[in-house]
Amino acid sequence: MNNYVIIGNGVAAVGCIEGIRSVDKEGKITVVSEEKHHVYGRPLISYYLEGKTDLERMNYRPLGFYEEMGCEVLYGRKAIKIDNESKNVVLDDGANLPYTSVCVATGSSPFVPPVEGLETVEQKYTFMTLDDALALQKAVNSDSRVLIVGAGLIGLKCAEGIHGIVKSITVCDLADRVLSSILDSEAAAIIQRHLEENGISFMLSDTAVRFDKNTAYMKSGRVTEFDALVMAVGVRPNTSLVKDAGGEVNRGILVNDRMETSLPGVYSAGDCTEGNDITIGGRRVLALLPNAYMQGHAAGVNMAGGGEVFDKAMPMNSIGFFGLHAMTAGTYDGEMYEEKTDTSLKRLYTKDDRLIGFILIGHHERAGIYTSLIREKTPLSSLNFELLKKTATTYAFSPKIRRKKFGSVV
Amino acid sequence: MKRIYVNEEWCLGCRLCEYNCAFANSGKRDMVTALKGKPIFPRIHIEGDDKISYAVSCRHCTDPICVKSCIAGAIYKSDGVVQIRKNKCVGCFTCVLVCPYGALSPSESGVMQKCELCLTNSVGEPACVKGCPNRAIVYEERGALNE
Amino acid sequence: MSIEFIYPEFEVIRNESRCIACRVCERQCANEVHSYDPERGIMVADESKCVNCHRCVALCPTRALKIVKSDCALRENANWPQSTINEIYKQASSGGVLLSSMGNPNPLPVYWDKILINASQVTNPSIDPLREPMETKVCLGKKKQEIRRDENGKLVCEMTPQLELSVPIMFSAMSYGSISYNAHASLARAATELGILYNTGEGGLHEDFYVYGANTIVQVASGRFGVHKDYLEAAAAVEIKMGQGAKPGIGGHLPGAKIVGDVSRTRMIPEGTDAISPAPHHDIYSIEDLRQLVYSLKEATEYKKPVIVKVAAVHNIAAIASGIARSGADIISIDGFRGGTGAAPTRIRNNVGIPIELALASVDQRLREEGIRDNVSLVVGGSIRSSADVVKAVALGADACYIGTAALIALGCHLCRTCHSGKCNWGIATQRPDLVKRLNPDIGSKRLINLVRAWQHEIKELMGGMGINSIEALRGNRLMLRGVGLNEKELQILGISHAGE
Chain P
41 MNNYVIIGNG VAAVGCIEGI RSVDKEGKIT VVSEEKHHVY GRPLISYYLE
91 GKTDLERMNY RPLGFYEEMG CEVLYGRKAI KIDNESKNVV LDDGANLPYT
141 SVCVATGSSP FVPPVEGLET VEQKYTFMTL DDALALQKAV NSDSRVLIVG
191 AGLIGLKCAE GIHGIVKSIT VCDLADRVLS SILDSEAAAI IQRHLEENGI
241 SFMLSDTAVR FDKNTAYMKS GRVTEFDALV MAVGVRPNTS LVKDAGGEVN
291 RGILVNDRME TSLPGVYSAG DCTEGNDITI GGRRVLALLP NAYMQGHAAG
341 VNMAGGGEVF DKAMPMNSIG FFGLHAMTAG TYDGEMYEEK TDTSLKRLYT
391 KDDRLIGFIL IGHHERAGIY TSLIREKTPL SSLNFELLKK TATTYAFSPK
441 IRRKKFGSVV
Chain Z
7 MKRIYVNEEW CLGCRLCEYN CAFANSGKRD MVTALKGKPI FPRIHIEGDD
57 KISYAVSCRH CTDPICVKSC IAGAIYKSDG VVQIRKNKCV GCFTCVLVCP
107 YGALSPSESG VMQKCELCLT NSVGEPACVK GCPNRAIVYE ERGALNE
Chain F
427 MSIEFIYPEF EVIRNESRCI ACRVCERQCA NEVHSYDPER GIMVADESKC
477 VNCHRCVALC PTRALKIVKS DCALRENANW PQSTINEIYK QASSGGVLLS
527 SMGNPNPLPV YWDKILINAS QVTNPSIDPL REPMETKVCL GKKKQEIRRD
577 ENGKLVCEMT PQLELSVPIM FSAMSYGSIS YNAHASLARA ATELGILYNT
627 GEGGLHEDFY VYGANTIVQV ASGRFGVHKD YLEAAAAVEI KMGQGAKPGI
677 GGHLPGAKIV GDVSRTRMIP EGTDAISPAP HHDIYSIEDL RQLVYSLKEA
727 TEYKKPVIVK VAAVHNIAAI ASGIARSGAD IISIDGFRGG TGAAPTRIRN
777 NVGIPIELAL ASVDQRLREE GIRDNVSLVV GGSIRSSADV VKAVALGADA
827 CYIGTAALIA LGCHLCRTCH SGKCNWGIAT QRPDLVKRLN PDIGSKRLIN
877 LVRAWQHEIK ELMGGMGINS IEALRGNRLM LRGVGLNEKE LQILGISHAG
927 E
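Protein sequence lines correspond, in order, to chains P, Z and F.
Position in the first sequence (first residue = 1) + 40 = this note's numbering.
Position in the second sequence (first residue = 1) + 6 = this note's numbering.
Position in the third sequence (first residue = 1) + 426 = this note's numbering.
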């Protein structure tokens with residue numbers, strides 16, 4: 041009987057469990073969960089603060105999930121070492137977990153830069169885990185002034201999450217725009233304006249260089265008072281287990297399309313990995329929930345002896361603030377098609393007869409049709425792209441492809 | 007499993023399917039009460055132009071990418087039918103971003119909705135199929151789809 | 427302008443408390459009656475365009491619509507009814523011949539409704555059709571009157587070609603062009619499934635329908651459109667159309683606008699040219715000439731297919747039929763004055779021809795008297811509306827009936843009588859692709875099959891009631907009929923007694 045160990049208890053771990061069980065109903069599965077929570081959708085923590093969900097509904101799978109899948113979960117335990125010689129995972133309490141194969145799904149950790157005086161700030165938080173969110177929730181009230189360092193996905197979702205429960209929110213970022221990793225300046229301006237209209241203040245191209253208790257001294261010379269500080273500068277993949285065991289690691293743990301690391305029997309999935317991105321034809325860290333699940337699933341299937349390849353990874357984000365939704369995918373390169381108003385934006389990027397990326401703000405309808413063109417690398421000459429540019433519609437496909445898509449009719 | 011299939015040769019683009027869908031999922035007893043004077047939120051929609059049209063709704067994929075992509079674990083597949091636990095959905099639109107058919111869309115309340123073959127409402131059989139005046143939408147067994 | 431104004435005939439009544447502004451009515455009305463007023467957020471209607479076809483009424487999901495006859499009226503005048511006055515207005519404006527579609531709607535006598543059917547009581551048993559076998563099969567064609575034996579004394583059993591029908595009903599001639607491809611497909615498929623025949627009319631036979639040839643009658647009419655070797659060979663029988671009940675004495679005219687694509691190819695005339703069928707066959711001026719065409723067609727089809735001669739019911743129909751029965755034709759088909767049409771001059775349709783009941787009775791009588799009744803089978807059409815009409819027709823002497831209007835109604839026709847506009851909202855009398863596809867032959871053929879099967883059940887019930895178990899035994903059995911409210915002359919022509927006699 042196989043012995044599977046999964047290190048981490050996030051969405052990649054669930055994918056891995058379900059992947060294993062799709063092949064092997066018998067093998068033993070042990071999940072090492074540092075967090076003392078049943079698996080939850082990590083991006084939901086801002087929605088939790090917002091009141092759009094609650095602890096029960098945040099469970100990514102029903103409560104009986106582990107039991108149904110026949111897994112043992114070790115809550116509050118941390119793996120400190122993978123001994124790939126003896127095929128053992130060593131836990132922080134000294135226990136050894138023997139494995140046939142192991143999946144490292146350790147995710148990532150918030151990166152907190154060494155800013156002068158940071159240690160003097162009493163109310164400082166990161167925004168990554170449910171415990172982070174619960175702590176932040178406890179710390180703030182309707183009189184709180186919150187400073188968020190970092191105007192990326194995490195920082196802004198945090199801002200939206202606490203918007204209704206605090207007095208004021210200021211977001212600063214060294215970049216000149218919000219969501220700089222996924223939006224260009226025009227797209228970012230639309231989102232920023234919308235956030236400002238909803239009462240969020242920004243200090244861009246600026247960041248805190250020194251803290252003194254409740255005061256932040258900014259690079260620009262400005263001085264900002266705050267009651268609580270959220271550090272949301274970025275995240276770093278948790279790679280040390282594989283690195284220490286001698287596995288190949290770059291920014292993330294290097295994996296192939298079967299989610300194998302360079303170490304035999306050691307797989308990895310989720311935010312801690314660096315795998316192939318089909319839109320750049322190279323490896324990069326894609327810390328996205330759908331990727332985590334699909335990588336986890338592929339890892340699980342392969343760990344159990346099956347053959348699943350996940351070779352469709354690509355950057356894509358759907359992120360909304362106060363009712364305005366932005367969707368992005370792929371890379372912004374090549375030729376651009378654009379439709380623009382004050383509150384909406386559509387940009388489609390094409391290169392070599394392929395759609396390779398897009399930015400959509402306020403154009404969410406059937407956006408998945410665009411995403412699928414990138415994912416499937418569909419030649420644009422095979423369809424009516426003139427029509428498709430204007431509206432995301434399956435009508436742009438040839439009748440033959442439509443018939444295939446819809447199951448031999450249409 | 008039985009799925010909804012469309013035949014564009016017979017679709018008239020009348021959009022009755024959209025209204026029948028919106029009504030079927032409204033929980034109301036009367037179509038007028040359910041739909042009068044408000045925007046409708048059907049789970050099936052007509053695509054095409056004035057010459058060729060056809061209705062699109064969830065294909066209930068063999069390997070549904072929406073299920074894998076949902077950040078809340080709100081989408082699941084049960085007995086072949088892809089369904090949403092609407093109380094878990096937070097309205098992030100990731101499913102809309104990934105569905106290659108454009109089959110998911112926001113409901114009136116902002117959380118996502120999709121065709122559940124009228125198995126979860128009081129109609130019990132797809133209302134779009136039942137109400138199609140030209141049998142352009144059928145509900146039948148035809149084998150697996152692969153996306 | 428004001429002098430040309432004619433108040434719309436119909437009113438579109440929209441129940442605002444029910445209308446959800448789904449705009450289905452707007453999308454479905456080819457006459458563009460309905461539209462959405464974004465300023466008021468409601469649906470509005472231009473009644474002047476409404477033909478009362480009920481497409482919107484039928485598809486409205488909340489039953490918010492009804493169409494009523496306008497009560498905006500001129501001063502009442504029994505001599506000058508409003509319709510007559512309106513027609514004068516139209517002609518004073520256009521200077522043209524008035525056109526109409528479908529059968530004569532005027533309240534002329536319907537003799538079927540004045541004939542009653544007998545039933546057995548006490549002295550002769552009725553038959554329960556659910557328990558006993560009932561035969562509705564008929565064979566159309568010449569029947570031998572003499573027995574011949576060969577030199578060895580054996581019977582010579584050669585038969586002239588016959589058409590076998592499971593029930594004495596056929597779909598009458600409606601051309602591809604006057605009705606749509608899908609209407610034809612529905613008729614062809616239903617005829618095949620039912621074991622009866624449908625008729626191409628004078629529009630040729632679309633190659634897609636050659637597969638239904640065994641259940642197809644092809645027509646040869648005065649324009650000879652679409653007639654060629656394969657056409658004749660594809661069919662089970664050939665019909666020479668001399669006349670049509672809705673417009674006796676005149677030809678046909680399908681405007682060039684409708685001669686497009688497949689219609690042009692099937693008719694074998696260039697796109698956009700008017701298809702004009704002359705009033706007479708220019709090679710037929712006598713029974714002898716007719717005989718030449720009958721035998722030409724028999725030669726062309728190697729005497730394997732019956733030849734039908736179709737005529738309109740007109741004044742001396744009995745003498746005409748007698749001539750046809752001697753021409754070599756196998757079947758005579760007579761079309762009464764209430765028969766339908768895709769377009770006919772209103773005056774002709776409403777005033778020319780005679781009722782099929784009288785024509786049938788006098789033809790059957792005349793052929794019997796002349797001893798040539800078995801030379802031919804008799805098929806009658808021109809408003810056969812129910813199974814009771816079929817039974818009455820058979821008892822008056824018909825071998826089978828043609829149904830046209832009834833078949834179209836089964837396909838969705840709501841008798842709005844504007845076929846000539848080419849904008850049939852039910853996808854029947856139109857060539858507009860967006861309208862043609864409204865008739866799905868899967869649905870259409872099934873409805874035709876249902877209709878004929880339902881009539882077959884009823885025919886069996888009526889026969890059983892009379893104690894008759896074979897439709898052949900009913901044919902010409904006028905004792906099974908009685909008239910009500912008919913005068914002596916009418917009863918004499920119909921060859922039936924009055925009720926109570």
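The C-beta atom is built at its ideal place from N, Cα and C for all residues, glycine as well.
Can you confirm whether residue i, when its beta carbon is compared against all beta carbons of chain Z, has any partner nearer than 9 Å?
{"i": "residue 87 (chain P)", "result": "yes"}
{"i": "residue 54 (chain P)", "result": "yes"}
{"i": "residue 856 (chain F)", "result": "no"}
{"i": "residue 866 (chain F)", "result": "yes"}
{"i": "residue 439 (chain P)", "result": "yes"}
{"i": "residue 406 (chain P)", "result": "yes"}
{"i": "residue 358 (chain P)", "result": "yes"}
Spatial neighbours of residue i within its chain, please: C-beta separation below 6 Å, excluding the five flanking residues on both sides.
{"i": "residue 641 (chain F)", "result": "617, 618 and 623"}
{"i": "residue 116 (chain P)", "result": "76"}
{"i": "residue 422 (chain F)", "result": "Residue numbering for chain F in the displayed model covers 427 to 927; residue 422 (chain F) lies beyond these limits and cannot be assessed."}
{"i": "residue 96 (chain Z)", "result": "78"}
{"i": "residue 368 (chain P)", "result": "222, 357 and 399"}
{"i": "residue 532 (chain F)", "result": "776"}
So, for residue i: in the same chain, excluding its five sequence neighbours on each side, which residues have a beta-carbon less than 8 Å away from its beta-carbon?
{"i": "residue 103 (chain P)", "result": "78"}
{"i": "residue 499 (chain F)", "result": "508"}
{"i": "residue 54 (chain Z)", "result": "14, 17, 19 and 60"}
Might you give, ordered along the chain, the residues of its own chain that have their beta carbon closer than 7 Å to the beta carbon of residue i, omitting 5 neighbours on each side?
{"i": "residue 420 (chain P)", "result": "390, 393, 394 and 395"}
{"i": "residue 698 (chain F)", "result": "682 and 685"}
{"i": "residue 152 (chain Z)", "result": "Reliability of the predicted coordinates at residue 152 (chain Z) is poor, the pLDDT of 45 falling under 50, and the value obtained from them is presented with this limitation in mind. The answer, listed in chain order, is 68."}
{"i": "residue 432 (chain P)", "result": "405, 406, 407, 409 and 410"}
{"i": "residue 374 (chain P)", "result": "389, 390, 391 and 396"}
{"i": "residue 198 (chain P)", "result": "86, 167, 188, 270 and 272"}
{"i": "residue 100 (chain Z)", "result": "75, 76 and 77"}
{"i": "residue 820 (chain F)", "result": "594, 897, 900 and 901"}
Under a CB-based cut-off of 9 Å, is residue i close to chain F?
{"i": "residue 139 (chain Z)", "result": "yes"}
{"i": "residue 135 (chain Z)", "result": "no"}
{"i": "residue 142 (chain Z)", "result": "yes"}
Is there a Cβ from chain P that is less than 9 Å from the Cβ of residue i?
{"i": "residue 14 (chain Z)", "result": "yes"}
{"i": "residue 153 (chain Z)", "result": "Bear in mind that the predicted position of residue 153 (chain Z) carries a pLDDT of just 40, short of 50, making it unreliable; the figure below should be weighed with that in mind. Yes - at least one Cβ of chain P is within 9 Å of the one on residue 153 (chain Z)."}
{"i": "residue 100 (chain Z)", "result": "yes"}
So residue i and residue j are supposed to be a Cβ contact under 8 Å. How far apart are they, rounded?
{"i": "residue 766 (chain F)", "j": "residue 672 (chain F)", "result": "6 Å"}
{"i": "residue 54 (chain P)", "j": "residue 113 (chain P)", "result": "Their Cβ separation, rounded to whole angstroms, is 11 Å, which puts residue 54 (chain P) and residue 113 (chain P) out of contact at 8 Å."}
{"i": "residue 438 (chain F)", "j": "residue 476 (chain F)", "result": "6 Å"}
{"i": "residue 124 (chain P)", "j": "residue 138 (chain P)", "result": "The pair is not a contact, with the Cβ atoms about 12 Å apart (cut-off 8 Å)."}
Give, in chain order, every residue of the stretch 434-448 of chain F whose Cβ lies closer than 9 Å to some Cβ of chain Z. Result list: 443, 444, 445, 446, 447 and 448.
With a floor of 3 residues, list each beta strand (DSSP E) that falls wholly inside the stretch 56-133 of chain P, ordered by position along the chain. For the stretch 56-133 of chain P, the full-length beta strand (DSSP E) segments reaching 3 residues or more read 68-73, 111-115, 119-123 and 128-131 along the chain.
Report the start-end ranges of each alpha helix (DSSP H) in the stretch 120-147 of chain Z that is 4 residues or longer and not cut off at the edges. 133-137
Uninterrupted alpha helix (DSSP H) stretches inside the stretch 239-281 of chain P (no shorter than 4 residues): none
Near-chain P residues of the stretch 62-73 of chain Z - C-beta to any C-beta below 8 Å: 62, 65 and 71
Taking only runs that begin and end inside the stretch 672-744 of chain F, name each unbroken beta strand (DSSP E) of 3 or more residues, in chain order. Counting whole runs of 3 or more residues, the stretch 672-744 of chain F contains the beta strand (DSSP E) stretches 678-680, 701-703 and 733-738.
Residues in the stretch 478-506 of chain F with C-beta within 7 Å of chain Z's C-beta atoms, listed in sequence order? 485, 487 and 488
Quick one: which residues of the stretch 831-855 of chain F get their C-beta closer than 7 Å to a C-beta of chain Z? List them in chain order. none
To be precise: take each residue of the stretch 7-35 of chain Z, compare its Cβ to all Cβ atoms of chain P, and keep it if any distance is under 8 Å. Which residues remain? 9, 11, 12, 13 and 14
The stretch 863-891 of chain F: positions lying closer than 9 Å to chain Z by Cβ: 863, 864, 865, 866, 868 and 869
Between the stretch 44-60 of chain Z and chain P, which residues of the former have CB atoms less than 8 Å from a CB of the latter, in chain order? Here the close residues are 53, 54, 55, 58 and 60.
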